[in-house]
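Participant: I am attaching a structure below and will ask some questions about it afterwards.
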Amino acid sequence: MAKGKPKKWATATVLEPIHLGKAGIEIIVWDKYKKTNTRLGTAVISVGGIRWKQYKAQRSHRVTWDQLSEM
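The sequence shown lines up with residues 29 to 99 when you count with my numbering.
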């Protein structure tokens, strides 16, 4: 069983509208453990959904907005 806090979660509050194009908005996710920073991966939020690519991985994982609403 995993212990500790989950690594991949984020909360954002945006007070103004943001224009999402086809390319989307790229967010780089870092994990700060003690005094070292390690890069976990990149999340791209776009019109088609969310893509997650782990750091140094070959492929990205894609989730559409319809799949996300069913979860």
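Idealized CB from N, CA, C, for every residue including glycine.
Beta carbon of K60, beta carbon of G69: below 7 Å?
Facilitator: No. Outside cutoff.
Participant: Any chance you could list the alpha helix (DSSP H) runs of at least 4 consecutive residues sitting entirely within the segment 49 to 99, in chain order?
Facilitator: Listed in chain order, the complete alpha helix (DSSP H) runs (minimum 4 residues) inside the segment 49 to 99 are 93 to 98.
Participant: Relative to the alpha-carbon of A40, which residue among I73, T92, K50, Q95 has its alpha-carbon at the smallest distance?
Facilitator: The residue with the shortest Cα to Cα distance from A40 is I73.
Participant: Do the CB positions of I55 and A71 come within less than 7 Å of each other?
Facilitator: Yes, they are a contact pair.
Participant: With C-beta atoms as the reference, is V57 less than 7 Å away from G77?
Facilitator: Against a cut-off of 7 Å, the Cβ pair of G77 and V57 comes out as no contact.
Participant: By alpha-carbon positions, which one of K50, M99, E44 ends up nearest to V75?
Facilitator: Here the closest residue by C-alpha is K50.
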